[in-house]
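Chemist:
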Amino acid sequence: MGKYYLTTPIYYVNARPHLGHAYTTIVSDALARWHRMLGDDVYFLTGTDEHGLKIQQAADEAGTSPKEFADGIAPLFAQAWERLNISNDDFIRTTEERHRTGVRKLLQACYDAGDIELDTYSGLYCVACEAYYVEDDLESGNCPIHKKPVEHVEEENYFFRLSRFEQRLLDWYSSHPGAVVPEHRVNEVIGFIKQGLQDFSVSRRTLTWGIPLPFDESHVAYVWFDALANYITAIGYGTDDEKFRKWWPADHHVIGKDIVRFHNVYWPAMLMSAGIEPPAGWAVGGWLLVGGEKMSKTTGNVVNPLDLIDEIGVDGFRYYVLSDTTYGGDGDFTYEGLISRYNSDLANNLGNLAARVATVVGKKCGGTGTAPSPDSPLAAHARTAVDDTIAQWQAVQPSRALEATWGLIRATNAHLETNEPWKAEPGPAVDAVMGDALEALRIVAILCHAAVPATAQEIWRRIGMTGNVADMRVPADTAWGGYPAGRPVEKGEPMFPRRTVA
RNA sequence: GGGCCAGUAGCUCAGUGGUUAGAGCAGGGGACUCAUAAUCCCUUGGUCGUAGGUUCGAUCCCUACCUGGCCUACCA
């Protein structure tokens, strides 16, 4: 029991929310919900990254101001997360005053520490990438990513002396084992550091859409200081010391593997320079591929998560992305996989279990829930499911956590087959079996809430429990025997009607 | 070029220095009918990437290689 501060990356507002954003955000939400059930005081942050040249250009093209442009896109993210039932406690936009204040304080702190210095840089610059290239990177003089000509740029820039932090970073990682999950990702980080770190530019003077450096207003902060800093500015760095002290350091920065370098090397170095403790942990996920390929506009396989919600439901979608990918590796999103998971796990196992239990309780117990048997064989299954589910969420392995939880669902279906309460005359024996099943559903509702919150609440309600399942505590409320007799049990409409492949 | 990771049943993945390598889904057979043609039971299926080595014994340790992915590098 303690505090748990977790973050998603902030998403760049040059594109609408897509499956990749949704994946990271859903994983984060499940972690946040799980930790609330553990009794942790949770602060769950997400937001949008709104500065930079690309936004300025997009705004120019749209004939509007950068702020107005961002104002048009940022709500799309907030709305998407609302529809996906994301329980973020805060949503930060880098155009907010609290962020501006905090970023300037961070820059000043690094500057005062002597780690930000003026230098000149000349090189070939790709506007689209907002990055410099050397000759050999280019393909016939063009940017290798955008295939567009690069510009020769020479400008005075402020540089962050990342090169000074090699040893400190290595020392920090060696004294903080387990800070990165899955564990193998930390090898990449250490390998990168050992290759030698180069200073990076932290400002642009050709750009106006950004936060001016406090020590030189003719420059605006470049992406790293602007974007990464959201993790501290949102919790009061520079504006609310007490709040900041309460929440920092972050317990998990949930990120994708593509931004490991910035989050695990640049960011802790920046914090060290400013005299701030590095984050306590990172959870690094792979990509969610679509049909085996990286999602991209050119292949035309961009998936809009909101379209899927209409078809499969919020929880169907959440369950699929959480259960069908091993966190840390790449996952593959397919329509067939979505339907298959939905039918087998949600419709056939969970949904059907709830329905058959309700029906038998209706026929044999007068529609009123009965008490579970204290020494039911199901109790051991429940105990195993609880223990394994806890361990897997702890390890940030949602797919394995759900597998553990579903083990109890399967065991409950088997328990019913073994006892065949539908054949027996009403009486204590049937009451005990149905009480067992209801108790199992109660525990399942608690265990699956992090992944499928609306479903968990609906099961909770149908078996006659009052209040919010979200208020239950793990493991205290998962002890066998918590289901009280005498509650009305409702069958209701199928929660997950089977889908046929279109 | 260097580095990291992965390569286990048709698919997605677990797994351990040691008797017959596991789960879910898919496939096959059977049972049941309370339930969303759902469920339950049984079952087919794997030279554990390739070749060596260490060991009494390796899928798990070491070496090389192959394949895939990622990171990284100012060989013309």
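Count the first sequence with this note's numbering and you get residues 1 to 502, in order.
From the three backbone atoms N, C-alpha and C, an ideal C-beta is built for every residue, glycine too.
Remember, it's a predicted structure, so these values are computed and weren't measured experimentally.
(1) Locate the beta strand (DSSP E) running through Leu45, then write down its first and last residues.
(2) Count the CB pairs spanning the segment 363 to 373 and the segment 409 to 427 that are closer than 8 Å, and state whether there are at least three.
(3) Are the Cβ atoms of Asp115 and Arg161 separated by less than 7 Å?
(4) Which one or two residues does DSSP pair with Gly285 in a beta bridge?
(5) Under 8 Å by Cβ, that's how I've got Met434 and Glu458 pegged, so tell me the actual separation to the nearest angstrom.
(6) Just the C-alpha distance for Ile193 and Glu117, rounded to the nearest angstrom, thanks.
(7) Would you check if there are 3 or more beta carbon pairs closer than 8 Å linking the segment 313 to 325 to the segment 386 to 396?
(8) Buried or exposed: where does Asp119 fall if 16 or more other Cβ atoms within 10 Å of its Cβ makes it buried?
(9) From this set, Val489, Thr206 and Asp477, which residue's C-alpha is nearest Glu154's C-alpha?
(10) Judging by CA-CA distance, which residue of Glu439, Leu38, Ile255 and Asp477 is the nearest neighbour of Arg462?
(11) Reducing DSSP to helix, strand and coil, say where Arg473 ends up.
(12) Is the beta carbon of Arg383 sitting closer than 7 Å to the one on Gly39?
(13) May I ask you to list the residues that DSSP assigns as paired with Asn157?
(14) Give the range of the beta strand (DSSP E) segment to which Ala221 is assigned.
(15) Got a sec, what are the start and stop residues for the alpha helix (DSSP H) Phe165 sits in?
(16) Pull up the distance between the alpha-carbon of Ala451 and that of Tyr158, whole angstroms please.
(17) Is the segment 472 to 488 close to the segment 60 to 72, with three or more CB pairs under 8 Å?
(18) What residue range is occupied by the uninterrupted beta strand (DSSP E) comprising Ile92?
(19) From the DSSP output, in three-state form, read off Phe317 for me.
(20) The alpha helix (DSSP H) spanning Ile505 covers which residue range?
(21) Since Pro305 and Ala22 are thought to touch, with beta carbons under 8 Å apart, how far apart are those beta carbons, to the nearest angstrom?
(22) What does a CB cutoff of less than 8 Å around Leu170 pick up in its chain, not counting 5 residues either side in sequence?
(23) Could you give the C-beta distance for Trp209 and His18, rounded to a whole number, given that I count them as a contact under 8 Å?
(24) At the level of alpha carbons, what is the spacing between Tyr266 and Pro497?
(25) Under a three-way DSSP split, which group does Lys491 fall into?
(26) What's the gap between the Cα of Gly236 and the Cα of Glu97?
(27) Helix, strand or coil for Val186? Go by DSSP, reduced to three states.
(28) Name, in chain order, the residues that DSSP records as bridge partners for Lys3.
(29) Does DSSP put Pro212 in a helix, in a strand, or in coil?
(30) How long is the line joining the alpha carbons of Val260 and Leu31, rounded to whole angstroms?
(31) Report the three-state DSSP secondary structure of Thr206 (helix, strand or coil).
Modeler: Per the coordinate set shown:
(1) Asp41 to Asp49
(2) yes
(3) In this structure, the beta-carbon distance from Asp115 to Arg161 falls below 7 Å.
(4) Gly256
(5) At roughly 19 Å, the Cβ-Cβ gap does not stay under 8 Å, so Met434 and Glu458 are not in contact.
(6) 21 Å
(7) no
(8) exposed
(9) Considering only alpha carbons, the answer is Thr206.
(10) When each option's Cα is compared against that of Arg462, the closest is Glu439.
(11) coil
(12) The Cβ atoms of Arg383 and Gly39 do not sit closer than 7 Å to each other.
(13) Asp119
(14) Asp216 to Ala221
(15) Looking at the DSSP string, Phe165 is not in any alpha helix (DSSP H), and its letter there is neither H nor E.
(16) 44 Å
(17) no
(18) Asp90 to Arg93
(19) Phe317: helix per DSSP, three-state reduction.
(20) As shown, the chain starts at 1 and ends at 502. That puts residue 505 outside it, with no answer to give.
(21) 4 Å
(22) Contacts found: Ile190, Ile193 and Lys194.
(23) That pair is no contact at about 23 Å.
(24) 48 Å
(25) coil
(26) 11 Å
(27) Of the three classes helix, strand and coil, the one that applies to Val186 here is helix, per DSSP.
(28) Asp41.
(29) strand
(30) 19 Å
(31) Annotated three-state conformation of Thr206 is coil, per DSSP.
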